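Participant: Have a look at this one before I ask anything.
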């Protein structure tokens, strides 16, 4: 008995199917983008909140603190909820996501260390200017998250 | 010259198993429902084929809970990836016409 083998046409169809299988998985990588954007939003939001409390110390109180905590908890819930909706991911996508988080952690630390150790966030600055600078630092700190989100958003 | 059919994998000769492994080859991990929907098979068919692939060491099944609901994630093992790559290379050889198809007896 001879061994059955696919005809060249069947082999080509199987190869095409294997190539096409990458598309839905790569598309599902796009859900990494909102996860990164949620983190970026939470970071900038927290910086804005801290700035408001600094400029308007009268606003600082247990209720505002609770609201800030709830806001952060909401951001975490959002990130986890988005994560739960992710049903597949590529190896490359997962690596890019982890790499983005690592770069963000290092870059963010550099940005804030640089900001605190320079005149950019000097205590001599007026509260309003210092708060504005603080928010700008936060915006610069989340650039890797935005870049990562952009890369994932462009995946097809 | 060695005929490419010798490199074809018997387990991957089954169309549903081929589709499952082709999808998992593209993924690091994929959820059971994702694979079922894209391969267009029922839960029971996918379970049966997954068991065959898992028993042969091609696929790893990861079970867990999210929100108290069971979740099953599937991924190809290193062996599974190697077998699939070899199978695909053999198919490419056949598609290129290296090895005339034989008639099944």
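Residue numbers (the working numbering), protein chains in the order written: chain A, 1 to 156; chain B, 157 to 261. Every residue gets a Cβ at the ideal spot worked out from N, C-alpha and C, and that includes glycine. Treat the numbers as computed from the prediction; the structure is a model and nothing was measured.
1) Can you tell me which residues form a DSSP beta bridge with residue 218 of chain B?
2) What would DSSP say about residue 185 of chain B, mapped onto helix, strand or coil?
3) Could you tell me the boundaries of the alpha helix (DSSP H) in which residue 199 of chain B lies?
4) Rounded to the nearest angstrom, what separates residue 1 of chain A and residue 16 of chain A at their Cα positions?
5) Closer than 8 Å, Cβ to Cβ, to anything on chain A: give me those residues from the segment 172 to 186 of chain B, in chain order.
6) Classify residue 106 of chain A: buried if its beta carbon has 16 or more other beta carbons within 10 angstroms, exposed otherwise.
7) According to the Cβ coordinates, are residue 99 of chain A and residue 25 of chain A closer than 8 Å?
8) Quick one: is residue 12 of chain A near chain B, going by C-beta distance under 8 Å?
9) Can you say whether residue 194 of chain B is buried or exposed, counting buried as having 16 or more other CB atoms within 10 angstroms of its CB?
10) DSSP state of residue 122 of chain A, grouped into three classes?
11) Give me, in chain order, the residues of the same chain whose beta-carbon lies closer than 6 Å to that of residue 141 of chain A; leave out the 5 immediate sequence neighbours on both sides.
12) For residue 40 of chain A, write down the residues that DSSP places opposite it in a beta bridge.
13) Run the CB neighbour count on residue 116 of chain A, radius 10 Å, all protein chains shown included, and call it buried at 16 or more, exposed below.
14) Once you ignore the five residues that flank residue 254 of chain B on each side, which residues in its own chain have a CB closer than 7 Å to its CB?
Facilitator: Let me spell this out:
1) According to DSSP, which records beta bridges pairwise, residue 218 of chain B is partnered with B:229.
2) In the three-state reduction of the DSSP assignment, residue 185 of chain B falls in the strand class, which pools E and B.
3) Taken as a continuous stretch (DSSP letters only), the alpha helix (DSSP H) holding residue 199 of chain B covers 199 to 211.
4) A caution first: residue 1 of chain A carries a pLDDT of 37, below 50, which makes its placement in the model too unreliable to give a value.
5) For the segment 172 to 186 of chain B, which is checked against every Cβ of chain A, the residues closer than 8 Å are 174, 175, 178, 179, 181, 182, 183, 184, 185 and 186.
6) Residue 106 of chain A comes out exposed.
7) In this structure, residue 99 of chain A lies away from residue 25 of chain A, with their beta-carbon atoms at least 8 Å apart.
8) Yes, contact with chain B.
9) So residue 194 of chain B ends up on the buried side.
10) In this structure, DSSP gives residue 122 of chain A a state outside helix and strand, which the three-state scheme calls coil.
11) Excluding sequence neighbours, residue 141 of chain A sits near 108 and 111.
12) Under DSSP, residue 40 of chain A forms no beta bridge with any residue.
13) Residue 116 of chain A is exposed by the Cβ-count criterion.
14) Contacts found: 160.
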